[in-house]
């Protein structure tokens, strides 16, 4: 979470303050409950080397969703651990569960490190795996520059606002700032929005998705392609033509269509600048903060 307050000082990037060596960042803006996590790095200094030459990183103090954990490993030229030998581990009795939404797997130290199926949005520690000492090339995440309080990520700037507005007025407010209501194009964007902008489980925030033009055909207000959705169960409401605008809400940040005249907070997005203007906030994505661990 950037920026964050630690010991009366604001940090806009990962820091080594009071750390034995690894860079870290806070999960919450004001470092509530001492929740923190290590920042991704391509160095193998804090990895364990197996005799086969493979490297493992156990992030037992972290607390990330499965997509966030996968992104953290990828940023370090690695991946979430895959256990391919059926003799190495086995599912705990009764797992995997048939429950809807339990699409990811954890290894639980409380039950002799057996496997369990779990919700992908549950925040846990995780294990990264790399085949060798050299980090393979990964696609760079271009952050750019954003003036405070906008938060940069992947070439754009984001701003969560809790001022209550109708969907149309929220869109106008974003466009006045040179942007639009946020468009969420993949699971990484979704994870960023709910983990890095100060989003709370009690929030109900307008996003750019809507079917105002054609009932049942949802489009982003910036006209970008709809390639990803995260609907609540039972949504969208296909049997009504009144709920044409979409908001993000709840602990997992699922989406629901609502009447556009309702008033809610909103999230704006705009392109980041290529040059700093002197009032920037840096963003290093992937930092989040038991012995349950995600693997692939």
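Numbering (the numbering used here), first residue to last: 122 to 417.
Here a beta-carbon is modelled for each residue, glycine too, at the ideal position from N, C-alpha and C.
Treat the numbers as computed from the prediction; the structure is a model and nothing was measured.
Item                                                                                                                         : Value
For residue 243, three-class secondary structure by DSSP                                                                     : coil
Assigned secondary structure, residue 315 (DSSP; H/G/I helix, E/B strand, else coil)                                         : helix
Expected contact under 8 Å - CB spacing of residue 386 and residue 351 to nearest Å                                          : Between residue 351 and residue 386 the Cβ distance is about 18 Å, and since that is not below 8 Å, they are no contact.
Cβ neighbours of residue 215 in the same chain (closer than 7 Å, five flanking residues each side left out)                  : With a pLDDT of 48 at residue 215, under the threshold of 50, the modelled position of that residue is not reliable, and the figure given next carries that caveat. If we look at residue 215 and ignore the five residues flanking it on each side, it has no Cβ neighbours.
Any beta strand (DSSP E) of 3 or more consecutive residues that is wholly inside the segment 273 to 320                      : 277 to 286
Helix, strand or coil at residue 189 according to DSSP, with G and I counted as helix                                        : helix
CB contact flag (residue 128, residue 184, <7 Å)                                                                             : no
Span separating the alpha-carbon of residue 200 from that of residue 267                                                     : 29 Å
Residues of its chain near residue 342, where Cβ-Cβ distance is below 6 Å and the 5 sequence neighbours each way are ignored : 292, 301, 302 and 329
Span separating the alpha-carbon of residue 140 from that of residue 276                                                     : 30 Å
Test item: CB-CB of residue 177 and residue 169 under 7 Å                                                                    : yes
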